[in-house]
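Colleague: The sequence shown runs -28 to -1, 1 to 518 under mature numbering (1 follows the signal peptide of the UniProt record, and there is no 0).
Would you mind keeping the following structure in view while I ask a few things?
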Amino acid sequence: MAQRSSTNLWGGFNVALVLGLFINIAFADSPYRFFDWNVTYGDIYPLGVRQQGILINGQFPGPDIYAVTNDNIYINVHNSLPEPFLLSWNGVQQRKNSYQDGVYGTTCPIPPGQNFTYRIQVKDQIGSYFYFPSLAFHKAAGGFGSIRVLSRPLIPVPFPEPAADYTLLIGDWYTANHTTLKTILDRGHRLPFPNGIVINGRGPSATTFTVEKGKTYRFRITNVGLQHSLNFRVQDHELKLVEVEGTHTMQNTYSSLDVHVGQSYSVLITADQPSRDFYIAVSTRFAPKVLTSTAILHYSDSTTSVGGPIPGGPTEVEWSINQARSIRTNLTASGPRPNPQGSYHYGLINISRTIKLESSAALVNRKQRYAVNSVSFIPADTPLKLADYFSIDGVFRIGSIPDFPSGKTMFLDTSVMGADYRAFIEIVFQNHENIVQSWHIDGYSFWVVGMDGGVWTPASREQYNLRDAVSRCTTQVYPKSWTAIYMSLDNVGMWNIRSEFWARQYLGQQFYLRVYTPVKSFRDEYNVPDNALLCGKADGKSTASP
């Protein structure tokens, strides 16, 4: 199994042809980066057991993507699997371009033996993100990797340049094949408890990060797992939080950090201890039992291996809630970002709409399903964005999911919620269950303005943070609690709102938000790409015009 490495620029590609075909107002004047990826199955051994994994260019996890703000990224993906495949870009906002989002509601799958080139601009973004396979249950087999978007040289970063920049992709893992897990779900059952925790695709003590005494290092930590929140800590070292999914944060120091599914954090770690090796520990949180995996922080002049007990993590829910509330935006830090409706002062913008989303679990036709506001999502035969673009009837209905819990018995539908471009909305995630939930919104970052136990009411707004709440794309909701966010609908398109618990997403806990404007303009949204794959009722349509 090949080791992780930096992605090579797309060799052999006719750059002149690309520039001739694709230079337009969408991508003018910004650098291009080209990648060529081949997706295959191969043997992997994350927990010491051979299993079938998804490799990208022979690597598990997949290659890193390095980019700079506003870069244009072209990723030519060859699908060498025997089934359709899609990649999605968690946290990369795809400004005005939901066709490239890489989920089935917006993009036709890449058929076996064919390729598709994603064209992405990391417009007005910096920070730590990741990509993953979004179809079937491929995410349980790998195919994921990190995305780093760096600031342009002239934009100051609110901390000294670290000696090195490390990625840690952490997550729960099963030794069963992903097709076996999918079959369990298809038959209407819940998944069993996972077999372990992996760090960069490896089990306990299989990964080492080398540091030099006295220097400071950046660690980008992403939970790419299927369901479980994880706690990250380093033996005898403090973690200084500096960035959350594209937002520079107040530089609070923590002994450990809870990372919920789909979330990314950057911390600075200074090698300020006596020279030896130290445990990096990752363990499950809010789970029926604790699974722990380790990596090694190795001082370059160390002659002493790790010793002592593996450091333990927190156990209280309140500890995690207090930590989450302490994560605030660094208002003095520069950063490339859009400024819709004066949204640096988001607390002064009038809310035009409140949406309350309530999760539920139930049996439908004697099979396990999950829902949002009683609607359990089922995919249509045509990507919703293509049906919208080509005005194809009978694929989805706007308003097929209500703004508030209906109290109805769970039912199946292709749920799409309509919304107006440039509205400024409040979304409340209400959790009546005894588990921590994790929710993600494609195409957007949002302000996490409040969270607390119990049931949200309008009076809950009195405790909102309307000054320096962190802006991010994935948020947790604690057991029997609520989380409230503010979001400026400044990105036209069809955007997936989903549970990041992948079995729940697969069994219906998701829907699409159609952010719409009647004005047809490149200023607001790009046309369907000329290389778009067309399928379902959109098959045979022309990409030249709707």
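Glycine residues also receive a C-beta, built at the ideal position from the N, C-alpha and C atoms.
From K111 to F57, what does the alpha carbon distance come to, in whole angstroms?
Modeller: As a working note, residue 111 is residue 139 in the sequence shown. As a working note, residue 57 is residue 85 in the sequence shown. Each residue's Cα considered, the two are about 11 Å apart.
Colleague: So the candidates are D137, A441, G284 and T301; which of them puts its Cα closest to the Cα of M222?
Modeller: Your numbering for residue 222 matches position 250 in the sequence shown. For M222, the nearest C-alpha among the options comes from T301.
Colleague: When you compare the CB positions of A391 and F368, do they come within less than 7 Å of one another, or not?
Modeller: As a position in the sequence shown, residue 391 is number 419, starting the count at 1. As a position in the sequence shown, residue 368 is number 396, starting the count at 1. Cβ atoms of A391 and F368: not closer than 7 Å.
Colleague: Tell me, please, whether the segment 429 to 444 touches the segment 463 to 475 by the rule of three or more beta-carbon pairs shorter than 8 Å.
Modeller: Touching, no, given that fewer than three Cβ pairs across the two stretches are closer than 8 Å.
Colleague: Find out if the Cβ-Cβ distance for the pair W428, W454 is shorter than 7 Å.
Modeller: Position 456 of the sequence shown, counting from 1, holds the residue named residue 428. Position 482 of the sequence shown, counting from 1, holds the residue named residue 454. Yes. Within cutoff.
Colleague: R439 by DSSP, collapsed to three states: which one?
Modeller: Locating residue 439 in the sequence shown gives position 467, where the first residue counts as 1. Here R439 sits in coil by DSSP.
Colleague: On a Cα-Cα basis, can you pick out the residue from N294, T256 and Y251 that is closest to G280?
Modeller: As a position in the sequence shown, residue 280 is number 308, starting the count at 1. G280 has its Cα closest to that of Y251, out of N294, T256 and Y251.
Colleague: Can you find the residues in the same chain that come closer than 6 Å, C-beta to C-beta, to Y342, ignoring five residues on each side of it along the sequence?
Modeller: Locating residue 342 in the sequence shown gives position 370, counting from the first residue. If we look at Y342 and ignore the five residues flanking it on each side, its Cβ neighbours are A333, R476, L479, G480 and Q481.
Colleague: Would S128 pass as a contact of S306 if the rule is Cβ separation under 7 Å?
Modeller: Sequence index remark: in the sequence shown, residue 128 carries index 156 (1-based). Sequence index remark: in the sequence shown, residue 306 carries index 334 (1-based). As written in the sequence, residue 128 is Pro, which differs from the Ser given in the question. Cβ distance < 7 Å, so P128 and S306 count as in contact.
Colleague: Classify V239: buried if its beta carbon has 16 or more other beta carbons within 10 angstroms, exposed otherwise.
Modeller: As a first step, residue 239 is located in the sequence shown; it is residue number 267 there, counting from the start. V239 should be labelled buried.
Colleague: From T147, Q65, I142 and P125, pick the residue whose C-alpha is nearest to that of G20; which is it?
Modeller: Numbered from its first residue, the sequence shown carries residue 20 at position 48. Nearest option by C-alpha distance: T147.
Colleague: Skipping 5 residues on each side, what residues in its chain have a beta carbon closer than 6 Å to that of P377?
Modeller: Numbered from 1 along the sequence shown, position 405 holds the residue referred to as residue 377. Cβ neighbours of P377 beyond the five flanking positions: E330 and N345.
Colleague: Applying the 10 Å Cβ sphere with the 16-neighbour rule, what's the burial state of F494?
Modeller: Residue 494 sits at position 522 when you count from the first residue of the sequence shown. It is exposed - the Cβ of F494 has fewer than 16 other Cβ atoms within 10 Å.
Colleague: Specify, as a first and last residue, the run of the alpha helix (DSSP H) that Q72 falls within.
Modeller: Your numbering for residue 72 matches position 100 in the sequence shown. Careful: Q72 lies outside any alpha helix (DSSP H) and carries neither H nor E.
Colleague: Below 7 Å CB to CB, which residues in the same chain sit around V487 once its five sequence neighbours on both sides are set aside?
Modeller: Sequence index remark: in the sequence shown, residue 487 carries index 515 (1-based). Around V487: A391, Y393, L461, N463, V464, G465 and W467.
Colleague: Leaving out five residues before and five after S2 in sequence, what residues of the same chain have Cβ atoms less than 8 Å from its Cβ?
Modeller: For the purposes of this step, residue 2 is taken as the residue at position 30 of the sequence shown. If we look at S2 and ignore the five residues flanking it on each side, its Cβ neighbours are N42, D43, N44 and Q93.
Colleague: Please report the straight-line C-alpha distance between Q340 and R162, rounded to a whole angstrom.
Modeller: Here the question's residue 340 lines up with position 368 in the sequence shown. Here the question's residue 162 lines up with position 190 in the sequence shown. Roughly 7 Å between the two C-alpha positions.
Colleague: Comparing alpha-carbon positions, which option in L107, N69, I98 and Y103 lies nearest Y76?
Modeller: Within the sequence shown, numbered from 1, the residue matching residue 76 stands at position 104. Ranking the options by Cα distance to Y76, first place goes to L107.
Colleague: Report the residue from G218, S247, G186 and T139 whose alpha carbon sits nearest the alpha carbon of F204.
Modeller: On the sequence shown, position 232 is the one that residue 204 refers to. Here the closest residue by C-alpha is T139.
Colleague: Would you mind working out which of G63, W9, I47 and Q66 sits nearest L53, comparing C-alpha positions?
Modeller: Against the sequence shown, residue 53 aligns to sequence position 81. That would be W9, whose Cα lies nearest to the Cα of L53.
Colleague: Using 8 Å as the Cβ pair cut-off and three pairs as the minimum, do the segment 255 to 272 and the segment 175 to 184 touch?
Modeller: Counting Cβ pairs under 8 Å, three or more are found: they touch.
Colleague: Rounding to the nearest angstrom, what Cα-Cα distance links R159 and H150 in this structure?
Modeller: The residue you call residue 159 lines up with position 187 of the sequence shown. The residue you call residue 150 lines up with position 178 of the sequence shown. In a straight line, the C-alpha of R159 is about 14 Å away from that of H150.
Colleague: Where S201 and V408 are concerned, what is the direct C-alpha to C-alpha distance, given to the nearest angstrom?
Modeller: As a first step, residue 201 must be located in the sequence shown, where it is residue number 229. As a first step, residue 408 must be located in the sequence shown, where it is residue number 436. Looking at the two C-alpha atoms, the distance is approximately 8 Å.
Colleague: Between which two residues does the alpha helix (DSSP H) carrying D158 extend?
Modeller: By 1-based counting over the sequence shown, the position of residue 158 is 186. H150 to D158 is the extent of the alpha helix (DSSP H) around D158.
Colleague: Could you tell me the distance, in whole angstroms, from the CA atom of F104 to the CA atom of S60?
Modeller: The residue you call residue 104 lines up with position 132 of the sequence shown. The residue you call residue 60 lines up with position 88 of the sequence shown. Spanning the two alpha carbons is a distance of roughly 6 Å.
Colleague: Suppose the cutoff is 6 Å on Cβ atoms and the five residues either side in sequence are ignored; what does the same chain contact list for H209 look like?
Modeller: On the sequence shown, position 237 is the one that residue 209 refers to. If we look at H209 and ignore the five residues flanking it on each side, its Cβ neighbours are I241.
Colleague: Can you have a look at residue 523 and say buried or exposed, based on whether 16 or more other CB atoms are within 10 angstroms of its CB?
Modeller: Lying outside -28 to 518, the shown extent of the chain, residue 523 is not represented and no answer is given.
Colleague: Does the distance from the C-beta atom of P164 to that of W145 stay below 7 Å?
Modeller: Within the sequence shown, residue 164 is the residue found at index 192, counting from 1. Within the sequence shown, residue 145 is the residue found at index 173, counting from 1. No, the Cβ-Cβ distance between P164 and W145 is not below 7 Å.
Colleague: In angstroms with no decimal places, state the Cα-to-Cα distance between F88 and T326.
Modeller: Taking the sequence shown and counting its residues from 1, the one referred to as residue 88 is at position 116. Taking the sequence shown and counting its residues from 1, the one referred to as residue 326 is at position 354. Taking the straight line from one Cα to the other gives about 38 Å.
Colleague: Would you check if there are 3 or more beta carbon pairs closer than 8 Å linking the segment 64 to 74 to the segment 25 to 34?
Modeller: Segments in contact, no.
Colleague: Mind checking whether I413 and M389 have CB atoms under 7 Å apart?
Modeller: What you label residue 413 is simply residue 441 of the sequence shown in a count that begins at 1. What you label residue 389 is simply residue 417 of the sequence shown in a count that begins at 1. Not a contact, by the Cβ cut-off of 7 Å.
Colleague: I need the boundaries of the beta strand (DSSP E) containing I92, first residue and last residue.
Modeller: In the sequence shown, residue 92 corresponds to position 120, counting from 1. Residues N87 to Q93.
Colleague: Go ahead and pull the three-state DSSP assignment for K509.
Modeller: Position 537 of the sequence shown, counted from the first residue, corresponds to residue 509. In this structure, K509 counts as helix in the three-state DSSP scheme.
Colleague: State the CB to CB distance for the pair I142 and V216, rounded to an integer number of angstroms; the pair is presumed to be in contact (CB under 8 Å).
Modeller: Numbered from 1 along the sequence shown, position 170 holds the residue referred to as residue 142. Numbered from 1 along the sequence shown, position 244 holds the residue referred to as residue 216. The Cβ separation is near 16 Å, so there is no contact.
Colleague: Have a look at the DSSP bridge pairing and note the partners of W428.
Modeller: Taking the first residue of the sequence shown as 1, we reach residue 428 at position 456. Looking at the DSSP assignment, W428 forms no beta bridge with any residue, so it has no partner.
Colleague: By a C-beta neighbour count over all protein chains shown, 10 Å radius and 16 as the cutoff for buried, is Q207 buried or exposed?
Modeller: The residue given as residue 207 occupies position 235 in the sequence shown. Buried is the call here.
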